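Protein chains in written order, with this note's numbering: chain A, 1 to 314; chain B, 315 to 607.
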Amino acid sequence: MTAATRIWAFHLAALSLLAAGAAFLPAYHLTNVAKVMVLATYAMGYNIAFGYTGLLSLGHALFFGAGLYGAGMLVQHADLTAGPALLAGLLAGGAMAAIAGLLALRTQGVAFMIVTLMFAQAGYLTILYNTAWTRGDEGIVIARDARVLLGYDLSADLPRYFAAFALFAAGLVLKLWLVRSPAGRVMIALRENEERSRMLGYDPYARKLVALVISGLYAGAAGAAYGLLFGYVGASLASTQYSILPLLWVLLGGAGTVLGPFVGALLMFYLIDYSSAFTTASLLVVGVALVLLVLFAPKGILGTLRERWLRWLP
Amino acid sequence: MSFGPFLLLALMEGMVTSAVLALAAVGLSLVFGIMRVVNVAHGEFFMLGAVSAWFVSQWVPGPPAVAFAAALVLCPLFVGAIAALADMTVLKRLNYEPEATIVATIGLLYILQQAALSFYGPDARPVPAPFSFRVQLPWFGYSGYKMAVVLASALVLLGVWRLLAKSRVGLIMRATQYDRETARAFGINVDRVYAGVFALGGGLAALAAVLIVPIQQAHYLMGTEPLLLSFIVVIIGGLGSLRGTVIAALLIGLSDGVISTFFAPTLAKIVATLAVALVLVFRPQGLFGRRAL
Chain A
1 MTAATRIWAF
11 HLAALSLLAA
21 GAAFLPAYHL
31 TNVAKVMVLA
41 TYAMGYNIAF
51 GYTGLLSLGH
61 ALFFGAGLYG
71 AGMLVQHADL
81 TAGPALLAGL
91 LAGGAMAAIA
101 GLLALRTQGV
111 AFMIVTLMFA
121 QAGYLTILYN
131 TAWTRGDEGI
141 VIARDARVLL
151 GYDLSADLPR
161 YFAAFALFAA
171 GLVLKLWLVR
181 SPAGRVMIAL
191 RENEERSRML
201 GYDPYARKLV
211 ALVISGLYAG
221 AAGAAYGLLF
231 GYVGASLAST
241 QYSILPLLWV
251 LLGGAGTVLG
261 PFVGALLMFY
271 LIDYSSAFTT
281 ASLLVVGVAL
291 VLLVLFAPKG
301 ILGTLRERWL
311 RWLP
Chain B
315 MSFGPFLLLA
325 LMEGMVTSAV
335 LALAAVGLSL
345 VFGIMRVVNV
355 AHGEFFMLGA
365 VSAWFVSQWV
375 PGPPAVAFAA
385 ALVLCPLFVG
395 AIAALADMTV
405 LKRLNYEPEA
415 TIVATIGLLY
425 ILQQAALSFY
435 GPDARPVPAP
445 FSFRVQLPWF
455 GYSGYKMAVV
465 LASALVLLGV
475 WRLLAKSRVG
485 LIMRATQYDR
495 ETARAFGINV
505 DRVYAGVFAL
515 GGGLAALAAV
525 LIVPIQQAHY
535 LMGTEPLLLS
545 FIVVIIGGLG
555 SLRGTVIAAL
565 LIGLSDGVIS
575 TFFAPTLAKI
585 VATLAVALVL
595 VFRPQGLFGR
605 RAL
């Protein structure tokens with residue numbers, strides 16, 4: 001078996017396992033895993049910027065929110081159907097990333113984190129400010145009859161699961177292809193040593209911008225899907241916490257691994273879900289997880305597996 | 315009320331904001347200047363200061379002034395101890411690597427927020443002011459306590475400046491800032507300096523919160539705004555520059571007072587946030603600083 005076959009076989013097997021989940025998961029977990037798949041798509045986008053290109057952004061909620069509100073407001077105010085709304089959300093995320101990136105990528109390191117944090121905060125405040133369009137804090141509830149894609153009712157369990165699966169699978173396959181392509185190699189080179197890649201003739205600014213826009217497209221698509229699948233578009237989903245969460249999922253699953261964001265999102269989701277049975281301290285779980293991760297497992301689960309045993313894992 | 319006095323009122327409110335902001339931002343700036351650590355949990359140190367001031371006001375009997383005086387001493391010490399503990403158990407182990415410390419302080423932010431929610435609860439609670447007299451101006455009466463806040467903050471800032479510029483402790487801090495390794499070679503216990511600076515930064519944020527809590531109630535989510543405002547101030551003033559930080563705090567506090575009075579507060583925040591992001595993009599050393607972030 002060649003390396004490429006092994007990698008594709010591994011990821012396709014993971015995808016088929018998820019697809020098979022539709023047959024045996026009970027309704028409660030069907031909704032949860034659908035949510036995890038959408039959020040994991042968001043985290044995969046984050047991973048393209050952070051894990052592969054080394055751009056630690058604290059403002060991805062801006063791109064997620066752009067997709068969420070791009071789709072939600074068009075459905076609400078322009079009576080768009082689900083399909084075009086999804087596309088609009090995807091483009092809104094990418095466009096927002098392009099605008100933010102053009103400015104923010106002039107800075108590096110700590111300054112980049114703070115600038116992205118500030119941009120996202122300005123976006124969040126803008127949502128709160130334009131109450132007439134966004135309904136501010138309260139948010140928009142998307143009517144059930146607007147949540148229909150290709151004749152399937154997205155508010156029903158199974159169609160929702162498969163819609164989330166389709167989004168996640170498309171994202172995963174594209175990402176796997178991207179990070180193994182020459183362009184993906186350049187992204188990793190930028191993360192490892194920007195000066196050296198510049199010396200080799202690559203333009204770091206342009207390459208990083210492309211990576212950030214791709215990352216924004218993922219976040220936008222995930223945001224739009226989140227709004228349409230779960231019927232709620234709210235300002236809290238564009239708050240700073242939603243910039244931190246993908247960072248947490250990616251760190252937990254393994255930054256710079258293709259499947260890591262999904263593993264991280266799934267584990268974190270169920271960790272909070274189960275811990276909420278005996279404690280209401282969900283913030284504590286998030287906080288302690290972040291501290292323990294940076295202290296003891298900075299490479300995350302799949303990153304550690306790759307280091308120890310599975311050298312071929314992309 | 316005509317425009318003149320109205321503007322004066324807006325400026326006085328702005329002065330109070332500036333005074334508190336300067337204290338909090340100087341704490342953030344010290345930590346960055348000396349340790350090169352961007353402390354995202356700084357706002358939670360502020361929140362802890364306010365929340366612990368409420369507990370002190372409940373425990374200490376007697377007139378509000380006594381409880382308040384106790385809070386002024388105890389709360390910064392308490393928060394400083396927590397900060398030093400966080401530094402020694404977490405940040406030091408990370409070797410102060412920038413990205414890892416940011417992630418760790420984000421974690422700390424959530425831990426402290428949850429602790430406040432669990433032990434203090436979701437309500438906003440007031441702490442009585444130590445005294446209440448009004449200064450009667452020709453056009454309106456103004457809270458004497460708010461004026462005292464400005465004065466107290468100015469005194470503390472003067473103290474911090476003296477500590478840094480004139481004292482032996484300040485000399486050691488500056489030596490550590492210039493060159494950690496050489497300072498170590500000269501027998502300075504760098505670990506202790508770092509823990510001390512982190513405690514000082516947290517303590518200053520807590521002190522600012524104790525001063526503001528009779529005006530603004532204590533709440534477990536109150537840390538977000540001072541954090542963002544402190545970032546704004548520190549960036550405009552140039553990270554690690556004490557003078558720049560104070561000037562920037564005045565600038566931001568006063569303009570916030572004026573814009574919030576005459577226009578919508580949310581709009582003022584959007585404009586300020588974007589302006590700062592652009593300062594960082596186009597003038598990374600800040601308006602007064604010499605060193606890039």
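All C-beta atoms, glycine included, are put in the ideal place defined by N, C-alpha and C.
All values reported here derive from a predicted model rather than from experimental measurement.
field: Limits of the alpha helix (DSSP H) - the one that G70(A) falls within
entry: Here residue 70(A) refers to the residue found at position 70 when the first sequence is read from its first residue. Looking at the DSSP string, the run of the alpha helix (DSSP H) that includes G70(A) is A61 to A78.
message: Below 8 Å on C-beta distance, what does L283(A) contact in chain B?
response: For this step, residue 283(A) is matched to residue 283 along the first sequence. Within chain B, the residues near L283(A) are Y424, I425, Q427, Q428 and L431.
query: CB V294(A) to CB V352(B), shorter than 8 Å?
result: Counted from its first residue, the first sequence places residue 294(A) at position 294. Counted from its first residue, the second sequence places residue 352(B) at position 38. No, they are not a contact pair.
- prompt: In or out: E192(A) buried (at least 16 other Cβ within 10 Å) or exposed?
  reply: Indexing the first sequence from 1 puts residue 192(A) at position 192. E192(A) should be labelled exposed.
task: Would you list the residues sitting across from S457(B) in a DSSP beta bridge?
output: For the purposes of this step, residue 457(B) is taken as the residue at position 143 of the second sequence. According to DSSP, S457(B) bridges with R448(B).
- request: With distances taken Cα to Cα, identify the nearest neighbour of S281(B) among P436(B), D437(B), S457(B) and P452(B).
  value: Not covered by the structure: residue 281(B). The range shown for chain B is 315 to 607.
message: Am I right that V404(B) and V291(A) are in contact with their C-beta atoms under 8 Å? What's the rounded C-beta distance?
response: What you label residue 404(B) is simply residue 90 of the second sequence in a count that begins at 1. What you label residue 291(A) is simply residue 291 of the first sequence in a count that begins at 1. Going by Cβ atoms, the distance from V404(B) to V291(A) rounds to 6 Å, so yes, they are a contact pair.
query: Quick one: is V263(A) near chain B, going by C-beta distance under 8 Å?
result: Within the first sequence, the letter at position 263 stands for residue 263(A). Not closer than 8 Å to any Cβ of chain B, the Cβ of V263(A) fails to qualify, so no.
- request: Could you check the C-alpha separation between I420(B) and L514(B) for me, to the nearest Å?
  value: Working through the second sequence from its first residue, we reach residue 420(B) at position 106. Working through the second sequence from its first residue, we reach residue 514(B) at position 200. Cα-Cα distance, rounded: 19 Å.
- prompt: Sorted by chain position, which residues of the same chain lie with C-beta nearer than 6 Å to R160(A)'s C-beta, five sequence neighbours on each side aside?
  reply: As a position in the first sequence, residue 160(A) is number 160, starting the count at 1. So the qualifying residues of the chain are A34, L154 and L229.
message: Helix, strand or coil for I529(B)? Go by DSSP, reduced to three states.
response: For the purposes of this step, residue 529(B) is taken as residue 215 along the second sequence, with counting starting at 1. Coil at I529(B), not helix or strand.
field: Closest Cα partner of S371(B) within the set V441(B), G517(B) and V483(B)
entry: Counted from its first residue, the second sequence places residue 371(B) at position 57. Nearest option by C-alpha distance: V441(B).
task: Could you work out which residues of chain A lie near I550(B), taking near to mean beta carbons separated by less than 7 Å?
output: Translated into positions along the second sequence, residue 550(B) becomes position 236. Ordered by position in chain A, no residue passes the 7 Å Cβ test against I550(B), which lies about 12 Å from the chain.
- prompt: Tell me which same chain residues have a C-beta within less than 7 Å of the C-beta of K175(A), skipping the five on either side of it?
  reply: The count along the first sequence starts at 1 and reaches residue 175(A) at position 175. M44, I48 and V258.
query: Cβ of M121(A) less than 8 Å from any chain B Cβ?
result: Taking the first sequence and counting its residues from 1, the one referred to as residue 121(A) is at position 121. Residue identity check: residue 121(A) is Gln in the sequence provided, not Met. Q121(A) counts as touching chain B.
- request: List the residues of chain A whose Cβ lies closer than 7 Å to the Cβ of R407(B), in chain order.
  value: If you number the second sequence from 1, residue 407(B) lands on position 93. For R407(B), the chain A residues whose C-beta falls within less than 7 Å of its own C-beta are L295, listed in chain order.
- prompt: Where do the ends of the alpha helix (DSSP H) carrying D157(A) lie?
  reply: Your numbering for residue 157(A) matches position 157 in the first sequence. It spans D157 to R180 - the alpha helix (DSSP H) in which D157(A) sits, taken as one unbroken run.
field: For I502(B), the three-state DSSP class (helix, strand or coil)
entry: As a working mapping, residue 502(B) is identified with position 188 in the second sequence. I502(B) falls in the coil class under three-state DSSP.
task: Just the C-alpha distance for L178(A) and A120(A), rounded to the nearest angstrom, thanks.
output: On the first sequence, residue 178(A) is found 178 positions in, with the first residue counted as 1. On the first sequence, residue 120(A) is found 120 positions in, with the first residue counted as 1. Taking C-alpha positions only, L178(A) is separated from A120(A) by approximately 26 Å.
Backbone CA spacing between V504(B) and I114(A) [nearest angstrom]: As a first step, residue 504(B) must be located in the second sequence, where it is residue number 190. As a first step, residue 114(A) must be located in the first sequence, where it is residue number 114. Approximately 27 Å between the Cα atoms of the pair.
- request: Pick out whichever of A4(A), A183(A) and A281(A) has its Cα sitting closest to the Cα of A206(A).
  value: Residue numbering aside, residue 206(A) sits at position 206 when the first sequence is read from its first letter. Among A4(A), A183(A) and A281(A), the Cα nearest to that of A206(A) belongs to A183(A).
field: Proximal residues, the stretch 319-343 of chain B versus chain A, C-beta separation under 8 Å
entry: Legend: CB atoms of the stretch 319-343 of chain B lying less than 8 Å from CB atoms of chain A are not found in any residue.
- prompt: Cα separation between G287(A) and Y434(B)?
  reply: Here residue 287(A) refers to the residue found at position 287 of the first sequence. Here residue 434(B) refers to the residue found at position 120 of the second sequence. Taking the straight line from one Cα to the other gives about 18 Å.
query: For A265(A), which option in L190(A), S276(A), R147(A) and L251(A) has the closest C-alpha, if you only look at C-alpha atoms?
result: For the purposes of this step, residue 265(A) is identified with residue 265 of the first sequence, where counting begins at 1. That would be L251(A), whose Cα lies nearest to the Cα of A265(A).
message: For the stretch 578-596 of chain B, list every residue whose C-beta sits within 8 Å of some C-beta in chain A, in sequence order.
response: A578, T580, L581, K583, I584, T587, L588, V590, A591, L592, L594, V595 and F596
task: Could you have a look at D137(A) and say whether DSSP puts it in helix, strand or coil?
output: Walking along the first sequence from the start, residue 137(A) turns up at place 137. DSSP places D137(A) in coil when its eight states are reduced to three.
query: In terms of residue numbering, what span does the alpha helix (DSSP H) encompassing M37(A) cover?
result: Position 37 of the first sequence, counted from the start, is the residue given in the question as residue 37(A). Residues A27 to N47.
- prompt: Name the DSSP bridge partner or partners of D153(A)?
  reply: Walking along the first sequence from the start, residue 153(A) turns up at place 153. The partner list for D153(A) (beta bridge, DSSP) reads V148(A).
query: Can you tell me the Cα-Cα spacing of V548(B) and D137(A), whole angstroms?
result: Numbered from its first residue, the second sequence carries residue 548(B) at position 234. Numbered from its first residue, the first sequence carries residue 137(A) at position 137. Spanning the two alpha carbons is a distance of roughly 29 Å.
The stretch 99-113 of chain A: positions lying closer than 8 Å to chain B by Cβ: Result list: L103, A104, R106, T107, G109, V110, A111 and M113.
message: For G70(A), tell me which candidate among L91(A), G253(A) and H60(A) has the shortest Cα-Cα distance.
response: Along the first sequence, one-based indexing puts residue 70(A) at 70. Nearest of L91(A), G253(A) and H60(A) to G70(A), Cα basis: L91(A).
- prompt: Per DSSP, which one or two residues make a beta bridge with V233(A)?
  reply: Translated into positions along the first sequence, residue 233(A) becomes position 233. I140(A).
message: For a cutoff of 8 Å on Cβ pairs, would you count L542(B) as touching chain A?
response: On the second sequence, residue 542(B) is found 228 positions in, with the first residue counted as 1. Answer yes: the Cβ-Cβ gap between L542(B) and chain A drops below 8 Å somewhere.
- prompt: Would you call P436(B) buried or exposed, if buried means 16 or more other Cβ atoms sit within 10 Å of its Cβ?
  reply: Here residue 436(B) is taken as the residue at index 122 of the second sequence, counted from 1. The residue in question, P436(B), is exposed, as its Cβ has fewer than 16 Cβ neighbours within 10 Å.
task: Please name the residues in the stretch 40-53 of chain A whose beta-carbon is closer than 8 Å to at least one beta-carbon of chain B, in chain order.
output: Taking a C-beta cut-off of 8 Å against chain B, none of the residues of the stretch 40-53 of chain A qualify.
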